[in-house]
Amino acid sequence: MTGQPITTRWLPGWRRLPLVSTVLESGPRPAEWSRPLQLVMIVAGLAAVVAIGLTLTAGWLRATGTLELLGEGATIPAVAMNPVLWLMVVVMSLALTAALHVSGWVRAAIWLVCFSAVALLTSTALSLPAAMVAVACLGVYIGFAVARAGQDFAAYEFAVVLILVSVSAVGPSLLSVSTAYGIDLRPQAILQFETSVMVLAIPILMVAGVALAQITVQLVRWGTAQIGRIGATTDPEAPAGGPLIAVASALTVAVLVTAVAQFFAPRAVWWQGQWAEAWSCAVVLAAVAVVLRGLVGLGNRGRSSRLPRNWEDMTLAVSAAIVGLMVPISVVLSLSAVIGVTAPQVTEVVTEIWRAVLSPPAIQAWRCLVALVLLVWARAQHRRGGSWTVWVLCSFAALVLLTSASAWTSGRVQLTVDDWAVGQLAVLAALVGVIVAAVRRRLTRPRVLGLLATAGLALAIPFREFLAAPLEVLIGVGAVAVALLGVVWELATGADLTRQGSRAFPQATRVLLWAANGLLGLSVVALAALTRAPDSTAQAFAELGDYLLGWPWLMAALILGVVQAWTTAGRTRPPEPALVPPSAVGPHPAFAPPHPDQRVG
């Protein structure tokens, strides 16, 4: 025992713990990076620590320091402005360094966004020397990019780009006439930068909102797997034992008691609130089940699938598609603000277009189009071998198409989801399946595990935000705490794309873009914590991500538990949410009965 590592002696099986296994499987692996890349990532890591530190100490900084006006109704601690500006410089430097070794539309997109941001920063100075410095820096960068084309990544590339970006970002403040009269341009620079790059931060912020749903499902799945070890057997059709039935019954009774307490409230509340929410949630769940049955099939005889360990890459792609319409308009708006210095009518026209794009009917129409495209893609993916991702995409499409009914009916039809009602309805459906199986004397362990997982998830969903409670105590704003937890979770589990590279998209470029994306999200969250703006974009899009992307994950897991409660292992093997590798959770993963060919025990 003395020769064993500490983790083996004191934490046996620590790699199998929930969350830990996901980070180990899908997190970054610095050992696989080249030495120059590791050096650059040290700077990026330092910037991430600064951003997290600013977020956690935002309340103290606001209470003890001088506040500067930042836009309308928002203030920022004066001592935090330089660190925020430095974070913005590092983000642009990482992105522009990554653009040196990639070609095509990726480079064009990075250049367009970063150059428009620099142009917007320069326009705040209203100074010809500042504009000349920015243009000179951009010219040097383009020449440097041409010289480094086709070369391997080197650490000095980041240093050169960092200097150029720093000069072009700080130059307007030093050369502005306003600075000579004692006017601080830093708040305006921070506001302009946030305006120009915020659209790029939306996907990472939406993914941050999904983190609570993913962590909740993973924890419930792990807990169900541990309970499933009670009386484990190699026979998938073995009858459920008394202890397992007792635990499942206790959780089910807890859910039903909560439902009764809510639905038998005073009549006015019951009729106007809970009853309407119950019908709405029932319609949404039924629609999701119908879509899954029609496109995927709730039970394909003997069909297995290769499942992803996480849904980070797909979630990021879906969130980017949701806001895809905003990206070109945002860039044009940034450029028009520069042109508008001499031609104000250009800015007015682009602003009207921006308002039209952001109108509720246009947003709902775009989301419905994305949902339909994803339905077609999910069906094609299922034909190649269905997976948990396909289930979640179908749930997303059904949720978006149904909840958009209010936009098309002028609010006459409003369908939504409720934290309590969705889980309660799923538990009722699973309970009926278990009762039918018991009457037929087919109450097997997988069926009871399905009910157990559904009941556990139904109880956990309303309290998933408590996962961010420790951070909320430090930050003081619950939505910002959730966003911070989500961005950190995405950084820790969304590095699958950086594991390999190609000639057109090298590994160094992927790592740099992964770091720039994560650091951008952390910077926006830090800015939201520092400004305490009531309509913070970080908070709004994290909540949108929880609704549009987190709820499909939760509903798919609930329906999967219901399916398991109704079907037998011999007939159906529905896909499992592979947030933890099956080897890490034992012989009885939640939401999925053991396959006859799978070795158990």
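Everything in the sequence shown is counted per the working numbering, starting at 1070 for the first residue and increasing by one. Beta carbons: idealized from backbone N, C-alpha and C, even for Gly. Quantities reported herein were computed from a predicted structural model and do not represent experimental measurements.
Against chain D, does residue i count as a neighbour if the rule is that its beta carbon must be under 7 Å from one of theirs?
| i | result |
| --- | --- |
| Pro1097 | This model lacks chain D altogether; it includes just one protein chain. |
Considering only the alpha carbon of each residue, which of the options lies closest to residue i?
| i | options | result |
| --- | --- | --- |
| Trp1583 | Leu1093, Pro1097, Ser1090 | Pro1097 |
| Pro1397 | Thr1327, Ser1388, Asp1221, Ile1422 | Ile1422 |
| Val1359 | Val1329, Ser1349, Cys1463, Leu1281 | Cys1463 |
| Ile1296 | Gly1173, Ala1527, Val1517, Gln1261 | Val1517 |
| Asp1565 | Leu1543, Met1383, Ala1598 | Met1383 |
| Ile1259 | Ala1282, Asn1151, Ala1294 | Asn1151 |
| Met1395 | Ala1100, Thr1327, Val1182 | Val1182 |
| Arg1131 | Val1209, Val1632, Ala1595 | Ala1595 |
| Ala1280 | Thr1091, Leu1139, Glu1226 | Thr1091 |
| Gln1107 | Phe1222, Gly1128, Val1418 | Phe1222 |
| Ser1473 | Ala1507, Arg1436, Gln1493 | Arg1436 |
| Ile1636 | Ile1504, Pro1430, Leu1471 | According to the sequence as given, residue 1636 is Thr; it is not Ile. Here the closest residue by C-alpha is Ile1504. |
| Ile1145 | Val1160, Trp1155, Leu1189, Ala1127 | Ala1127 |
| Val1160 | Ala1609, Val1593, Ala1626, Ala1585 | Ala1585 |
| Ser1475 | Ala1178, Arg1362, Ser1349 | Ser1349 |
| Ile1121 | Ala1347, Trp1174, Leu1560, Ala1317 | Leu1560 |
| Ala1214 | Trp1180, Ala1199, Ala1203 | Trp1180 |
| Pro1575 | Trp1155, Val1175, Ala1100 | Val1175 |
| Ala1609 | Phe1227, Thr1133, Val1276 | Val1276 |
| Leu1494 | Thr1133, Ala1347, Leu1438 | Ala1347 |
| Phe1184 | Ala1199, Leu1207, Pro1198 | Leu1207 |
| Ala1117 | Val1593, Thr1606, Trp1620 | Val1593 |
Assuming the contact rule is C-beta atoms closer than 8 Å, residue i and residue j should be a hit. Round their C-beta distance to whole Å, please.
| i | j | result |
| --- | --- | --- |
| Phe1465 | Leu1443 | 7 Å |
| Gly1278 | Glu1534 | About 11 Å; that fails the 8 Å criterion. |
| Val1459 | Ala1440 | About 14 Å separates the two Cβ atoms, so there is no contact after all. |
| Thr1285 | Leu1553 | Their Cβ separation, rounded to whole angstroms, is 17 Å, which puts Thr1285 and Leu1553 out of contact at 8 Å. |
| Leu1623 | Val1387 | Not confirmed; about 16 Å, so no contact. |
| Leu1169 | Arg1217 | 5 Å |
| Ser1235 | Ala1186 | 14 Å between Cβ atoms; not a contact. |
| Leu1325 | Leu1528 | Rounded, the Cβ-Cβ distance is 11 Å, inconsistent with contact. |
| Ile1530 | Ala1598 | Going by Cβ atoms, the distance from Ile1530 to Ala1598 rounds to 26 Å, so no, they are not a contact pair. |
| Ser1103 | Ala1573 | With 8 Å as the limit, Ser1103 and Ala1573 do not qualify as a contact, their Cβ atoms being about 18 Å apart. |
| Gly1519 | Ala1634 | 4 Å |
| Gly1614 | Leu1139 | Going by Cβ atoms, the distance from Gly1614 to Leu1139 rounds to 25 Å, so no, they are not a contact pair. |
| Glu1141 | Asp1253 | The Cβ separation is near 17 Å, so there is no contact. |
Classify residue i as buried or exposed, calling it buried when 16 or more other Cβ atoms lie within 10 Å of its own Cβ.
| i | result |
| --- | --- |
| Asp1487 | buried |
| Leu1065 | Nothing about residue 1065 can be read from this structure; the chain reaches only from 1070 to 1670. |
| Val1445 | exposed |
| Leu1231 | buried |
| Val1514 | A small correction: the amino acid at residue 1514 is Arg; Val does not occupy that position in the sequence shown. So Arg1514 ends up on the buried side. |
| Trp1489 | buried |
| Phe1532 | exposed |
| Ile1111 | exposed |
| Pro1087 | buried |
| Met1157 | buried |
| Leu1629 | buried |
| Ser1428 | exposed |
| Val1631 | buried |
| Ser1162 | buried |
| Gly1555 | buried |
| Met1201 | exposed |
| Val1338 | Because the pLDDT of Val1338 is 45, which lies under 50, any placement of that residue in the model is unreliable, and the number read from its coordinates should be weighed accordingly. So Val1338 ends up on the exposed side. |
| Val1210 | For clarity, residue 1210 is Tyr in the given sequence; the question names Val instead. Burial call: buried. |
| Gln1220 | exposed |
| Thr1567 | buried |
| Trp1558 | buried |
| Trp1291 | buried |
| Arg1255 | buried |
| Val1392 | buried |
| Ala1330 | exposed |
| Ser1571 | exposed |
| Gly1212 | exposed |
| Glu1417 | exposed |
| Leu1115 | exposed |
| Glu1101 | exposed |
| Thr1293 | buried |
Is residue i near the ligand HEM, in the sense that its beta carbon is under 6 Å from a heavy atom of that ligand?
| i | result |
| --- | --- |
| Thr1420 | You won't find the ligand HEM in this model; it holds no ligand whatsoever. |
Worksheet item: Counting Cβ pairs closer than 8 Å, one from the segment 1582-1594 and one from the segment 1268-1275, do we hit at least three?
Response: yes
Discussion item. If contact is defined by three or more beta carbon pairs under 8 Å, each pair taking one atom from either stretch, is the segment 1517-1533 in contact with the segment 1490-1508?
Written reply: yes
Worksheet item: Given 8 Å as the limit, is there contact between the segment 1566-1581 and the segment 1538-1552, that is, 3 or more CB pairs closer than that?
Response: no
Item to complete: Enumerate, from N- to C-terminal direction, the unbroken alpha helix (DSSP H) stretches of 4 or more residues contained entirely within the segment 1432-1497.
Response: Fully enclosed alpha helix (DSSP H) runs of 4 or longer: 1457-1472, 1474-1477.
Worksheet item: Taking the runs of the alpha helix (DSSP H) that are 4 residues or longer, which of them lie wholly in the segment 1157-1188?
Response: none
Discussion item. Please give me, in chain order, every unbroken run of the beta strand (DSSP E) with length at least 3 that falls completely inside the segment 1513-1544.
Written reply: Entirely contained in the segment 1513-1544, not one beta strand (DSSP E) run reaches 3 residues.
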